[in-house]
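Comments concern the structure below.
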Amino acid sequence: GPGGDDHTDAQVGESMDLAEMTTLDAQALGVNLQADPEDDSDLEGDSDDEDHVLNHARLRLTRTHRKRQQSILLNQLLFEHEAFSVSPLEGVVWPGASVEVMVTFHPKGPLNYEVFAHCEISGKVDRVPLLIRGPGLGPKAVFSFDILDIGDSFINSVHQYKVELYNRGDIEAEFRLVPSDSVFAQKFKFEPDCGVLTYRQVQTIMVTFSSDVLGDFAESFKWQITGGAE
Numbered sequence: 303g304p305g306g307d308d309h310t311d312a313q314v315g316e317s318m319d320l321a322e323m324t325t326l327d328a329q330a331l332g333v334n335l336q337a338d339p340e341d342d343s344d345l346e347g348d349s350d351d352e353d354h355v356l357n358h359a360r361l362r363l364t365r366t367h368r369k370r371q372q373s374i375l376l377n378q379l380l381f382e383h384e385a386f387s388v389s390p391l392e393g394v395v396w397p398g399a400s401v402e403v404m405v406t407f408h409p410k411g412p413l414n415y416e417v418f419a420h421c422e423i424s425g426k427v428d429r430v431p432l433l434i435r436g437p438g439l440g441p442k443a444v445f446s447f448d449i450l451d452i453g454d455s456f457i458n459s460v461h462q463y464k465v466e467l468y469n470r471g472d473i474e475a476e477f478r479l480v481p482s483d484s485v486f487a488q489k490f491k492f493e494p495d496c497g498v499l500t501y502r503q504v505q506t507i508m509v510t511f512s513s514d515v516l517g518d519f520a521e522s523f524k525w526q527i528t529g530g531a532e
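Residue numbers (this note's numbering): 303 to 532.
Next comes the structure, spelled out in structure tokens:
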């Protein structure tokens, strides 16, 4: 099946030693490895047979243990990636036939993803590489305008404005106003100051301004779009 690039770093999971496997697997193998403390008859005569049975059981347990190690290692070599998944990961292709392999792209953020997957074929020394890549696109939201000129304003007078926030992306966009502690920023109120825009939704935001402080100002308000590039 396809294998990831990090196969050389794969580690075999913690394994059991032979004694532990003997205890756990003896019953499954149908071997009685415990002697009856009350039965002391013919102990010396049967010692050779007992040694033969024990050696045979240990050999079978060793083989089972080796197969388990190989299975663990194979599972760790199968392709894994945070943004790509491949299905099926293994299978059989008959002569003259083909098998469709589905690659699913599920980016975690607005990043460019690229990874090699390698297909190991029985009887072939070199693996077949496959380059998988794709750009992750985050939500995209824009305001109807980015500059609001209030002009001259009387102290304690109330001014209201409307601004629209558009979802121009193909997925929902979660937005929120980043708080500012400047003097004049406290004189502004945005309603709502957070929310979620569904696909192609438009949200009207009311901006209210009232100041009891004299002076010129130029405030810049930042809005965060969760998962966005900026």
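Ideal Cβ placement from N, Cα and C applies to all residues, glycine included.
Extent of the continuous beta strand (DSSP E) run through residue i
{"i": "Leu499", "result": "496–499"}
{"i": "Gly436", "result": "430–437"}
{"i": "Ile507", "result": "504–511"}
{"i": "Leu479", "result": "475–479"}
{"i": "Lys491", "result": "490–493"}
Residues that residue i bridges to, as DSSP identifies them
{"i": "Glu422", "result": "Its beta-bridge partners do not exist; DSSP assigns none."}
{"i": "Phe445", "result": "Leu467"}
{"i": "Val417", "result": "Ile434"}
{"i": "Trp525", "result": "Leu479"}
{"i": "His461", "result": "Phe511"}
{"i": "Phe386", "result": "Phe407"}
Residue from the options whose Cα sits closest to the Cα of residue i
{"i": "Leu391", "options": "Ala399, Gly398, Pro441, Thr406", "result": "Thr406"}
{"i": "Glu474", "options": "Pro494, Lys442, Ser446", "result": "Lys442"}
{"i": "Met404", "options": "Val498, Ile434, Val485", "result": "Ile434"}
{"i": "Phe485", "options": "Ile449, Leu499, Gly497, Val515", "result": "Here residue 485 turns out to be Val, not Phe, going by the sequence shown. Looking at the Cα atoms, Val515 is the closest of the given residues."}
Sequence-distant residues of the same chain with beta carbon closer than 7 Å to residue i, five excluded per side
{"i": "Ser482", "result": "Phe523"}
{"i": "Pro437", "result": "Asn414"}
{"i": "Arg502", "result": "Asn469"}
Own chain residues within Cβ distance below 8 Å of residue i, not counting five before or after
{"i": "His461", "result": "Ile452, Ser455, Thr510, Phe511, Ser512"}
{"i": "Ile527", "result": "Gly440, Pro441, Lys442, Ala443, Ala475, Glu476, Phe477"}
{"i": "Leu361", "result": "none"}
Check: residue i C-beta below 7 Å from any heavy atom of the ligand PLP
{"i": "Thr506", "result": "This structure simply doesn't include the ligand PLP, nor any ligand for that matter."}
Sequence-distant residues of the same chain with beta carbon closer than 6 Å to residue i, five excluded per side
{"i": "Asp518", "result": "none"}
{"i": "Phe447", "result": "none"}
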